[in-house]
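Comments concern the structure below.
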Amino acid sequence: MQWNDWPPSDPNLMPGYEAWREGRLNDAQAFFEGQASMRPDCDDIWRGLGNVAWVRHDFRNALTHFSTALRLAPWNPMHWGNMGLVRRDLGEPEAAIAAFCVALGLDAEYAPALNEWANVLFDTGKHEQALPLYDAALAIDDTRAVVYHNKGVCLRYLGRLPEAVEYFEAALARDPHYHYSLEELRRLSGCVAIAGR
1 MQWNDWPPSD
11 PNLMPGYEAW
21 REGRLNDAQA
31 FFEGQASMRP
41 DCDDIWRGLG
51 NVAWVRHDFR
61 NALTHFSTAL
71 RLAPWNPMHW
81 GNMGLVRRDL
91 GEPEAAIAAF
101 CVALGLDAEY
111 APALNEWANV
121 LFDTGKHEQA
131 LPLYDAALAI
141 DDTRAVVYHN
151 KGVCLRYLGR
161 LPEAVEYFEA
171 ALARDPHYHY
181 SLEELRRLSG
191 CVAIAGR
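Residue numbers for the sequence shown follow the numbering used here, beginning at 1 and rising by one.
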């Protein structure tokens, strides 16, 4: 399972997922709620409701919906990854890491869980410990700008500015419109020149 494996197993649920991805959250929520009333045992419906709540920063409801999806399909690493995301956002780093570990136990090649685990370590000030996890995610899938960016931010916090610049540039090589890395490069342009003297 990888980054682009988000589509539901039932193609009839795509209208809700497309609405969510397009930012039409009210439409997505109405769609998934209607589906849930007819098919309460479909994990991808609850994942969809969790996604909508998570984007709205309604982390308690996201936790409820992701928990339901997980109860219905505990073998799905994406559900464990979503639990990790919402636990992180609820300020529960240990629970987040535990969920990412379960996701990786189900699928050792699940790069999103490695990236998010690294982000939790970064958020808790464990920058050096985060770096190998970013590297592991990149070893599985080196096409994701977000992972290069995240590692660049981690390197910046460690004061390794030339390396950070390399990772922000690598992010932009994969997605020239990745504005977070553009902002970082603008901020660092003077610092790296000074540090290199």
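Even glycine gets a Cβ: it sits at the ideal position worked out from N, Cα and C.
- In whole angstroms, what is the alpha-carbon distance linking E166 and G152? 8 Å
- Query: Residue ranges of each alpha helix (DSSP H) run of no fewer than 4 residues wholly in the segment 24–48, ordered along the chain?
  - Reply: 25–38
- Item | H177, DSSP secondary structure in three states | coil
- Query: What residues in its chain sit with their C-beta under 8 Å from that of R88, if we drop five residues either side in the sequence?
  - Reply: A96, E116, N119, V120, D123
- Message: Taking 8 Å as the limit between beta carbons, can you name the residues of its chain near E184, skipping five residues before and five after?
- Response: H149, G152, V153, R156, A164, F168
- Apart from the five residues just before and just after L19, which ones in its own chain have a Cβ nearer than 7 Å to its Cβ? The sequence as given places Ala at residue 19; Leu does not occur at that position. Here the set comprises D27, A28, F31.
- Message: Tell me the residue span of the alpha helix (DSSP H) that contains Y134.
- Response: 127–140
- Query: Which first and last residues belong to the alpha helix (DSSP H) in which W20 is found?
  - Reply: 14–21
- Query: Terminal residues of the continuous alpha helix (DSSP H) containing A145?
  - Reply: 145–157
- Query: Among the residues of its own chain, which have a CB less than 6 Å from the CB of A113, if the five just before and after it don't count?
  - Reply: G81, F100, A103, L104
- Query: In whole angstroms, what separates the C-alpha of D142 from that of K126?
  - Reply: 23 Å
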